[in-house]
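Its first residue numbered 36, the sequence shown is counted upward by one per residue in our numbering. Backbone N, C-alpha and C fix where the C-beta goes; we use that ideal spot for every residue, glycine too. Written out below as structure tokens is the structure these notes cover.
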Amino acid sequence: MSNFDIELVSVSKSYASVAAVKDINLEIPKGEFVSILGPSGCGKTTTLNMIAGFSAPSAGDIRIRGKSQIRVPPERRNIGLVFQNYALFPHMTVAENVGFGLRMKRLPREEIERSVRAALRSVHLEGFEGRYPKELSGGQQQRVALARAIAPRPSVLLLDEPLSNLDLKLREAMRIELKEIQEQLGMTFVYVTHDQEEAMAMSDRIVVMWQGEIAQQGEPSAIYRDPSSRFVADFIGRSNILPVAATVQTSNFLELAIDGGPVLRRSGPGPRAAPIRYCSVRPESIVLIDPSVPHPEEVNRLQAIVLRVVNLGGNVELLVDLDGGLCLSVLVRSSRSTMLPAVGDEVALGIDPEDVHVLSD
Ligand SMILES: Nc1ncnc2c1ncn2[C@@H]1O[C@H](COP(=O)(O)OP(=O)(O)OP(=O)(O)O)[C@@H](O)[C@H]1O
Ligand SMILES: [Mg+2]
Numbered sequence: 036m037s038n039f040d041i042e043l044v045s046v047s048k049s050y051a052s053v054a055a056v057k058d059i060n061l062e063i064p065k066g067e068f069v070s071i072l073g074p075s076g077c078g079k080t081t082t083l084n085m086i087a088g089f090s091a092p093s094a095g096d097i098r099i100r101g102k103s104q105i106r107v108p109p110e111r112r113n114i115g116l117v118f119q120n121y122a123l124f125p126h127m128t129v130a131e132n133v134g135f136g137l138r139m140k141r142l143p144r145e146e147i148e149r150s151v152r153a154a155l156r157s158v159h160l161e162g163f164e165g166r167y168p169k170e171l172s173g174g175q176q177q178r179v180a181l182a183r184a185i186a187p188r189p190s191v192l193l194l195d196e197p198l199s200n201l202d203l204k205l206r207e208a209m210r211i212e213l214k215e216i217q218e219q220l221g222m223t224f225v226y227v228t229h230d231q232e233e234a235m236a237m238s239d240r241i242v243v244m245w246q247g248e249i250a251q252q253g254e255p256s257a258i259y260r261d262p263s264s265r266f267v268a269d270f271i272g273r274s275n276i277l278p279v280a281a282t283v284q285t286s287n288f289l290e291l292a293i294d295g296g297p298v299l300r301r302s303g304p305g306p307r308a309a310p311i312r313y314c315s316v317r318p319e320s321i322v323l324i325d326p327s328v329p330h331p332e333e334v335n336r337l338q339a340i341v342l343r344v345v346n347l348g349g350n351v352e353l354l355v356d357l358d359g360g361l362c363l364s365v366l367v368r369s370s371r372s373t374m375l376p377a378v379g380d381e382v383a384l385g386i387d388p389e390d391v392h393v394l395s396d
């Protein structure tokens with residue numbers, strides 16, 4: 036018996052001229068909330084459809100609880116589905132919608148009623164049994180769709196951008212709710228999204244896809260802290276990505292000579308295998324420093340000229356020019372007490388060596 040609920044083994048999917056998914060390997064443990072995250076067209080829905088059984092892989096194997104599903108039709112996979120457009124039956128009440136899959140299975144009436152009640156309780160819609168979809172808000176409709184998917188107690192729930200039709204506030208509230216529901220049910224969730232904040236907020240693990248391949252997978256904080264490529268560094272949050280011309284290992288630091296720019300110190304040894312071609316620094320890891328106040332010796336110090344000041348509400352983004360023509364984005368928390376620089380001002384910046392990351396592609 037496998038320890039994993041879902042395994043994708045060297046799975047590829049090609050359409051006539053498009054390689055939509057290229058040789059991906061993925062193992063999803065039971066009870067995890069896993070997000071498949073990536074930009075439009077990277078192969079997220081294609082991957083989900085293969086797990087659900089709506090489309091067959093061109094190559095490779097899909098296993099559920101250790102058993103190959105290649106010849107198993109969708110309705111036999113014990114999988115629940117929630118999509119972007121909730122597709123509730125408009126002529127059925129909430130309870131009838133939620134009980135639909137159970138009636139198809141010809142379960143006894145009392146059991147259906149019990150399961151419908153439990154599912155509606157899970158999504159906090161008790162008392163809505165008799166309403167019709169058009170009498171519900173978008174968020175409530177999406178919760179009915181969720182209840183309908185979990186009512187037959189599938190072992191796995193697949194969700195494809197289920198919140199993308201909701202407005203921002205509701206989307207943020209539903210993120211928390213979805214995560215709580217998943218934890219309560221102990222069900223494996225595979226959640227497709229192109230929204231990195233959404234994935235960061237809910238997931239035990241994130242699988243970042245790009246151009247049909249898995250670019251990186253891991254815990255959200257690990258991916259954020261230590262992106263493995265330029266694509267991931269920029270897609271998950273934002274990063275300043277600087278070309279590295281040469282490196283020197285000293286006893287405490289790896290010194291990175293930025294092409295056309297300064298030398299940056301980075302803590303610890305660099306990767307052994309691949310050559311270092313870029314380094315990345317998050318905008319929020321760069322701080323404005325007051326040159327008259329002493330700072331630890333090892334902090335990287337840079338001089339720059341402010342090119343642009345963009346007010347983002349709680350934060351201000353400064354676009355600064357390093358001597359030599361390199362631009363950096365710097366994120367500063369704004370408060371009434373901070374004196375923000377203006378366009379044309381010269382500023383001193385500090386970057387902790389811990390916050391400098393190296394990339395090989
Ligand atoms: N039935 C199909 N026939 C031909 N090409 C397809 C088909 N379905 C998907 N593709 C192509 O495969 C690639 C991956 O598509 P997919 O729908 O998996 O992307 P996605 O990551 O879900 O994107 P989005 O975020 O826009 O939903 C795209 O280039 C798409 O055009
Ligand atoms: Mg899609």
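* Asked: Going by the C-beta, is residue 75 closer than 7 Å to any heavy atom of ligand 1?
  -> yes
* **residue 48 CB to nearest heavy atom of ligand 2 below 7 Å** => no
* To do: Can you tell me which of 150, 211, 271, 314 puts its alpha carbon nearest to the alpha carbon of residue 281?
  => 314
* The alpha helix (DSSP H) with residue 139 in it runs from where to where? -> 135 to 139
* Asked: Taking three-plus beta-carbon pairs below 8 Å as touching, is the stretch 63 to 72 in contact with the stretch 232 to 243?
  -> yes
* Asked: Given a threshold of 16 other Cβ atoms within 10 Å of its Cβ, counted over all protein chains shown, does residue 374 qualify as buried or as exposed?
  -> exposed
* With DSSP as the reference, label residue 367 as helix, strand or coil. => strand
* Taking only heavy atoms of ligand 1 into account, decide whether any of them is closer than 7 Å to the Cβ of residue 55. => yes
* **Given residue 92 as reference, the closest of 59, 47, 201, 66 once Cα atoms are compared** => 47
* Asked: Mind checking whether the beta-carbon of residue 80 lies closer than 7 Å to any heavy atom of ligand 2?
  -> yes
* Member of 221, 254, 387 whose CA lies at the smallest distance from the CA of residue 331 -> 387
* Cross-strand partners of residue 224 (DSSP beta bridge) -> 68, 192
* **Bridge partner(s) assigned by DSSP for residue 292** => 281, 298
* Confirm the yes/no value for this check: CB of residue 195, any heavy atom of ligand 2, distance under 7 Å. => yes
* Asked: Looking only at its own chain, which residues have a Cβ that is under 7 Å from the Cβ of residue 154, when we skip the five neighbours before and after it?
  -> 133, 182, 185, 186
* Hey, out of 334, 277, 371, whose CA is closest to residue 360's CA? -> 277
* Asked: What does a CB cutoff of less than 6 Å around residue 263 pick up in its chain, not counting 5 residues either side in sequence?
  -> 251
* Of the residues 59, 294, 53, the one placed nearest residue 248, counting alpha carbons only -> 59
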